[in-house]
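Participant: The structure's right below; bear with me while I get my questions together.
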Amino acid sequence: MTEVRVPLDLWDEADKTGSIVVWLCPDGAAVTEGDLIAEILVEKTTLELLAPATGTLRICVQPETEIDRGQLVANIV
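Rendered as structure tokens:
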């Protein structure tokens, strides 16, 4: 299992929280490492979240839920 966390370098430290705008792959979808799997909104900027591994996506955080830098948002099994 690979944890999908919001990368610490994905957004500036000054921006405390963000949110998942949309999951581009549904829960249970097969993903390949490097696939674009979600968009994250931070301070009016949309960032891309890529799959860190190949497997089945298991979403832990629903869209529009507030998230922090480094937070676990999904798993790939």
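Residue numbers (our numbering): 349 to 425.
We treat Cβ as the ideally placed atom computed from N, Cα and C, and that holds for glycine.
Keep in mind that this is a model prediction, so the values were computed, not measured.
Taking 8 Å as the limit between beta carbons, can you name the residues of its chain near glutamate 387, skipping five residues before and five after?
Facilitator: Cβ within range, chain order: Ile368, Val369, Val370, Leu372, Thr394, Leu395, Glu396, Leu397.
Participant: Quick one, which of Asp360, Leu405, Lys392 has its alpha-carbon nearest alanine 351's?
Facilitator: A small fix is needed here, since residue 351 is glutamate in this sequence, not alanine. Of the listed residues, the one whose Cα sits closest to glutamate 351 is Leu405.
Participant: Enumerate in chain order the residues of its own chain whose CB-to-CB distance from glutamate 412 is below 6 Å, with the five nearest sequence positions on each side excluded.
Facilitator: So the qualifying residues of the chain are Ser367.
Participant: Ignoring anything shorter than 4 residues or poking outside the stretch 370–412, list the alpha helix (DSSP H) runs there in chain order.
Facilitator: The stretch 370–412 contains no whole alpha helix (DSSP H) run of 4 or more residues.
Participant: Whole angstroms are fine: how far does the CA of threonine 402 sit from the CA of isoleucine 415?
Facilitator: If I take the Cα positions, the gap works out to 23 Å.
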